[in-house]
Ligand code: GUN
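In my numbering, the protein residues as written are 306 to 597.
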């Protein structure tokens, strides 16, 4: 039997509706609309598309959204100056600097300059430290989207074997923290699972992956997970966004659908959830900065 689809498009629509209702309640209470400032440097086509989708999602949910488009030869000092102005602007609750940045700019210097209270991506080391300590200010968007996609589709995590293939700062590493932690009032979205982090250098990756009740592919390599990596009936989440011959493909081979119990598609799986969690974080930042 083919795998049940983990439909991120449908779940994202439901969660955006829930967030829009909370934004409308704030407007009725005469509170400022949650505001996102997105910063796009240069003319990378994929980044332009992502920022456009974010802007449309925010305006549709009743949030404020301003996109700052800067030329590819913008200096690091100019970008730091813009970030400082956004940090000081009370109408801005969430700041997003779209990655990748041009090579002459030091990503980590820019990400560390964003006020941790407005760090809607949850990329700042202070926020990653709070997450690691079990007292998150925000959850990083893609990991949060993955966990919501599993929990809201009834995929059990507590006590289960989870294998993550990928160890990036944006997805694999923070996702491992979220999935291993114990849920509690300070940390409501936590998996309580047994987590293994594997990667493309792991010896006998297929054998390690076959231990998983829940397998998450976030290595950034097309079709790194094939049917031989999957225990029959396992839930498989595909975080990959690879362009092969101009076509968007995930990290999971399509034939996995014949072995897995659940599978997230690409596109229409994790992608829409990531943008929804950015919206969630910007509302949360507005509540923390201006009052709930
Ligand atoms: N580039 C690719 N994905 C992301 C993301 O989630 N946030 C930012 N800021 N840049 C990205």
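Ideal Cβ positions, reconstructed from N, Cα and C, are used throughout, including at glycine.
Touching by the beta-carbon criterion (3+ pairs, under 8 Å), the segment 403-414 and the segment 436-455: no
Could you check whether the segment 323-335 touches the segment 511-527, counting it as contact only if at least three pairs of C-beta atoms, one from each stretch, sit closer than 8 Å? no
Distance cut-off 6 Å: residue 426 Cβ against heavy atoms of the ligand GUN: yes
Could you tell me the boundaries of the beta strand (DSSP E) in which residue 370 lies? 369-375
Along the chain, where does the beta strand (DSSP E) containing residue 543 start, and where does it finish? 540-543
Give a single yes or no on whether residue 403 has its beta carbon closer than 6 Å to a heavy atom of the ligand GUN. Within the cutoff, so yes.
May I ask you to list the residues that DSSP assigns as paired with residue 520? 468 and 541
Hey, which unbroken runs of the beta strand (DSSP E) at 3 residues or more fall wholly within the segment 325-403? 340-346, 369-375 and 399-402
Note down the Cα distance separating residue 522 from residue 455, rounded to an integer number of angstroms. Residue 522 and residue 455 have their C-alpha atoms some 14 Å from each other.
For residue 395 and residue 383, what's the separation of their Cα atoms in angstroms? Residue 395 and residue 383: Cα-Cα distance of roughly 21 Å.
Under DSSP, the alpha helix (DSSP H) around residue 478 begins and ends at which residues? 477-485
Is it the case that the Cβ atoms of residue 356 and residue 345 are separated by a distance below 7 Å? Between residue 356 and residue 345, the gap from beta carbon to beta carbon is short of 7 Å.
Are the beta-carbon atoms belonging to residue 418 and residue 388 less than 7 Å from one another? yes
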